[in-house]
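A.B. asks: Take the sequence shown: its position 166, counted from the start at 1, is 166 in full-length UniProt numbering, and no numbers get skipped.
Positions of the beta carbon are idealized from the N, C-alpha and C atoms, including for glycine.
A quick note: this is a predicted structure, and the numbers were derived from the prediction, not measured.
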Amino acid sequence: MTIRVLVCDDHAVVRAGLRALLAGADGIDVVAEAATGEEAVATAAAVHPDVVLMDIQLGDGIDGIEATRRIRSTTSAPRILVLTTYDTDADISRAIAAGATGYLLKAGSATELYAAIDAAAAGRTAVSPPVADRMMAQLRTPRPALTDRERDILRQLAQGLGNKEIARALFISEATVKTHLSRIYAKLEVDTRAGAVAVAKEQRLLD
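(1) Which of helix, strand or coil does DSSP assign to E33?
(2) Any idea if G27 is buried or exposed, counting beta-carbon neighbours within 10 angstroms, 16 or more meaning buried?
(3) Assuming V81 contacts D10 under a Cβ cut-off of 8 angstroms, what Cβ separation, rounded to an integer in Å, is found between them?
(4) Please classify L18 as buried or exposed, where buried requires at least 16 neighbouring CB atoms within 10 angstroms.
(5) Quick one: measure Cβ to Cβ for residue 234 and A121, integer angstroms, because I've assumed they're closer than 8 angstroms.
(6) Considering only the beta carbon of each residue, do L146 and S128 sit closer than 8 angstroms?
(7) Expressed to the nearest angstrom, what Euclidean distance is found between the alpha-carbon atoms of V177 and D87?
(8) Under a three-way DSSP split, which group does I56 fall into?
Now the structure itself:
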């Protein structure tokens, strides 16, 4: 049986490279391409692939994780393999929560990609070894999740607001802001405002 694949990546060169690479694999056929998340959702509904290779960062519009969530919510949804250069704990967790069957890094080998597509088509999970290592490490020492209030304050930090301005914007006391900041620093393992914002952006903790 031939596995029908949809490739979604915002770089035309990457899509062409994947198409050429998969052309050399027995039993795999690239039936369509998409450059945006919205296009991936629409194309998946139109061509009914067995597997979607989905990048995370797709330029303007929805990202690959939101596209994954939308595709997986449809009837007879295809399996989705995230294929990306991003391997942060937050990216991996969000992709799995959105319904991704596997998570691969673009630095992996062609053999690894072929095997992952076969596994996904059969309903089995496939992850790159470095991703598996990160997942195991995260399970052993999970990072405490931020509360909604802590996320609110982190958003204000990212806008460059000071403690007084944050307190005023969120209708809380400045002392409460400082308390939440201390907890945020501890959870993100940083000791500065700039560090907190940098980690939040790296791990995509902000909307």
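C.D. replies: So, to answer that:
(1) DSSP places E33 in strand when its eight states are reduced to three.
(2) It is exposed - the Cβ of G27 has fewer than 16 other Cβ atoms within 10 Å.
(3) In the sequence as displayed, the identity of residue 81 is Leu instead of Val. Contact doesn't hold; Cβ gap of about 17 angstroms is too wide.
(4) Result: buried.
(5) Given a span of 1 to 207 for the chain in the structure shown, any question on residue 234 remains unanswerable.
(6) At least 8 angstroms separates the beta-carbon of L146 from that of S128.
(7) Straight-line measurement puts the Cα of D87 at about 31 angstroms from the Cα of V177.
(8) Three-state DSSP puts I56 in coil, outside helix and strand.
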